[in-house]
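Numbering (the UniProt record's numbering), first residue to last: 1 to 127.
For every residue, glycine included, the Cβ atom is placed at its ideal position computed from N, Cα and C.
Quantities reported herein were computed from a predicted structural model and do not represent experimental measurements.
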Amino acid sequence: MHRLPVTYRTEALADLRDIFRVVLRASRHLKTSKGFVQRIKDRCERIGDAPRGGRPRDDLEPGLRTVPFERVAVIAYRVEPGRVRITNVFYGGRDFEALFGGHEPGETQEGLARDAPVPVRFKLPLP
Numbered sequence: 001m002h003r004l005p006v007t008y009r010t011e012a013l014a015d016l017r018d019i020f021r022v023v024l025r026a027s028r029h030l031k032t033s034k035g036f037v038q039r040i041k042d043r044c045e046r047i048g049d050a051p052r053g054g055r056p057r058d059d060l061e062p063g064l065r066t067v068p069f070e071r072v073a074v075i076a077y078r079v080e081p082g083r084v085r086i087t088n089v090f091y092g093g094r095d096f097e098a099l100f101g102g103h104e105p106g107e108t109q110e111g112l113a114r115d116a117p118v119p120v121r122f123k124l125p126l127p
């Protein structure tokens, strides 16, 4: 399979901003926070090299796949025609399985709505 471009849902970008803030609060170092989020983004981009390499999670939602990140986060994504779409980035033990549970397959739920892809270019806000 050839490399697929990677796009991010609005929720995934919000997750990255939240992670940035949490790491900044804990580390009190802007460079550390930016570097950590950049490593997550780099890992997301590498998913495009082997899109079917993540763990299938059809038990949570059809077509969903996940990959771990440095034992502290889980990246959730879908392989769609012509692209990989990062749906969420779950950090610090967040119970992502519970967020996907309790609805019918294909049904949307608050916070996990299927929206238009967002380009990867974004700037992290400073708190």
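Just the Cα atoms here: how many angstroms apart are S33 and D59? So the two alpha carbons sit approximately 33 Å from each other.
DSSP has A73 in a bridge; who is on the other side? Beta-bridge pairing links A73 to F69, Y91.
Is L16 closer than 8 Å to L24 when the C-beta atoms are compared? Cβ distance not < 8 Å, so L24 and L16 don't count as in contact.
How is P56 classed by DSSP in three states: helix, strand or coil? Look at P56 here: in three-state DSSP terms it is strand.
How about V6 and G48: are their beta carbons less than 8 Å apart? Against a cut-off of 8 Å, the Cβ pair of G48 and V6 comes out as a contact.
Judging by CA-CA distance, which residue of Y77, V84, A26, T10 is the nearest neighbour of F96? Looking at Y77, V84, A26, T10, the one whose alpha-carbon comes closest to that of F96 is Y77.
Kindly indicate which residue of V79, R71, R65, I86 has the alpha-carbon position closest to the one of G92. Closest option to G92, Cα to Cα, is R71.
Kindly give me the distance between the Cβ atoms of R9 and I86, rounded to whole angstroms, as I take these residues to be in contact under 8 Å. Sure, about 7 Å apart at Cβ, within 8 Å.
Tell me the rounded alpha-carbon separation between G53 and R28. G53 and R28 have their alpha carbons spaced roughly 35 Å apart.
Grab me the residues of residue 136's own chain with a C-beta within less than 7 Å of its C-beta, minus the 5 sequence neighbours each way, in chain order. In the structure displayed, the chain extends from 1 to 127; residue 136 sits before or after that span and is not available.
What is the DSSP secondary structure of E11, counted as helix, strand or coil? In the structure shown, E11 falls within a helical segment according to DSSP collapsed to helix, strand and coil.
Between the Cα of P62 and the Cα atoms of R43, V79, C44, which residue gives the shortest distance? Relative to the Cα of P62, the nearest Cα in the group R43, V79, C44 belongs to V79.
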